[in-house]
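Residue numbers (the working numbering), protein chains in the order written: chain A, -18 to 196; chain B, -18 to 196.
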DNA sequence: TGCCATTATGGCAGATACTGCCACATTGGC
DNA sequence: GCCAATGTGGCAGTATCTGCCATAATGGCA
């Protein structure tokens, strides 16, 4: 079994450009409430001993509804990373089809990370909170990587189309994506580690170091 | 829940250097039979519609016994990759603590891949078979990456100790490991893709290209 | 304003995944 | 040939995840 994603995507796709609408807004709110509940419970008692029923009850919905929003309990904690991947997709038009594959992918990721480098912003705060959890919970790290793997396929297809059939060496493209992803993850992880140790840490600077090292 | 690995590792650890012994041999054989069954059933009907009960029955063991060998049904198909990680660990002594971090990790992986570059060898055959499955089955790809993530922690610790506290920049070490892993995966994937398309393909050459690109 | 198609939710049944515990059999050293 | 260690099966129980149906809320349209 485990078809999952099919059921989930189906809903929010239609009226994206249109005004949010009450329904969509409530949906987003419910989703956010589930995530809040999941993050809180995970932080309190750990992922393993938190059940989907717990999360659903805390968020005020049924377990059945929970699974209409997230395929697994781990995913419920990771919408920030999902947002990140969506931001990457949104940045696709800025990719130069004539440019160097590796450079363009690298630039795409660097641009997308920008909003998270402002330590005070809500996005950065959320990312920090989730990344802290991920550091302590191997199951969350796995879930995050799993999500990344799935999104990579889409991104690969999109970029492949963008660069055109003859320029699109599948291996190089996949490698460029994987490396940029690894760089982002390593920088994030290091950033969180330093902050947890009470040291000052600038994500932009750390990310720059990671990028340089991967060259 | 999901402690898993604890129960599994516990057994085979003791008399590793000693003569195999009947028990150990039978254990390995049972393990191999489960893997054979899993690979066959996955290839025939896909991962999703194959249950653990199916695999266990085909292998001639109970479901309870299956879980004493593998934590999930996906893992049952991936012992080749587990072997690969063990080979990496076995190659650790050849790492030069004075050398460049990135170069040493790169060399370690390159050395470990060597046995798989002989298209005719059993190891290469097995790797090919499994990699074909992984290409078609996202769940297996996820499981493989998940395995990699878990092993990365051990490898990181070992290499960190090797290079010493002051030279061991955690971020650079993690990045070097992730990149080498990504290179290996991309090369393998490309290799299988070419072979499936009926074209001749030399893993050693492809791997060389991937390594060069990642530089 | 009121009607209706769409959509969100809950509940329930059921399949599957996974673990703890106990009983039994086999092995291999002494 | 005895005994401790080890491997296996079965069973109960919990947790995950999906399909299906009933019901309620929404929002466009007459």
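Each residue gets a CB set at the ideal place from its N, CA and C atoms; glycine is no exception.
- Cβ-Cβ separation between residue 89 of chain B and residue 72 of chain B: approximately 5 Å, consistent with a contact (criterion under 8 Å).
- The Cβ atoms of residue 24 of chain B and residue 57 of chain B do not sit closer than 8 Å to each other.
- Between residue 69 of chain B and chain A, the shortest Cβ-Cβ separation is not below 8 Å.
- Within the segment 94 to 123 of chain B, contact with chain A at the beta-carbon level (separation under 8 Å) is assigned to 119, 120, 122, 123.
- With contacts defined as CB atoms closer than 8 Å, residue 120 of chain B and residue 173 of chain B fail to qualify as a contacting pair.
- Put simply, the CB of residue 31 of chain A is far from chain B, with every gap to its CB atoms at 8 Å or more.
- Where residue 60 of chain B is concerned, the enclosing alpha helix (DSSP H) starts and stops at 60 to 71.
- Against chain B, the beta carbon of residue 127 of chain A has neighbours under 8 Å at 123, 126, 127, listed in chain order.
- Using a 10 angstroms sphere on the CB of residue 117 of chain B, the tally of other CB atoms stays under 16, which defines it as exposed.
- In the three-state reduction of the DSSP assignment, residue 196 of chain A falls in the coil class, being assigned neither a helical nor a strand state.
- A contact between stretches requires three or more CB pairs, one per stretch, nearer than 8 Å, and the segment 124 to 138 of chain B meets this requirement with the segment 151 to 165 of chain B.
- For residue 117 of chain A, the enclosing alpha helix (DSSP H) stretches over residues 103 to 117.
- For residue 33 of chain A, the enclosing alpha helix (DSSP H) stretches over residues 33 to 40.
- Between residue 22 of chain B and residue 39 of chain B, the beta carbon gap of about 6 Å places them in contact (Cβ cut-off 8 Å).
- In summary, residue 122 of chain B is buried, with 16 or more beta-carbon neighbours lying within 10 Å of its beta-carbon over all protein chains present.
- Within the same chain, Cβ atoms closer than 6 Å to the Cβ of residue 169 of chain A are found at 112, the five residues on either side in sequence being excluded.
- Around the beta-carbon of residue 54 of chain A, 16 or more other beta-carbon atoms lie within 10 Å, marking it buried.
- Non-local C-beta neighbours of residue 183 of chain B in its own chain, meaning closer than 6 Å and more than five positions away in sequence, are absent.
- For the segment 146 to 157 of chain A, the set of positions with a beta-carbon nearer than 9 Å to some beta-carbon of chain B reads 150, 151, 152, 153, 155, 156, 157 in chain order.
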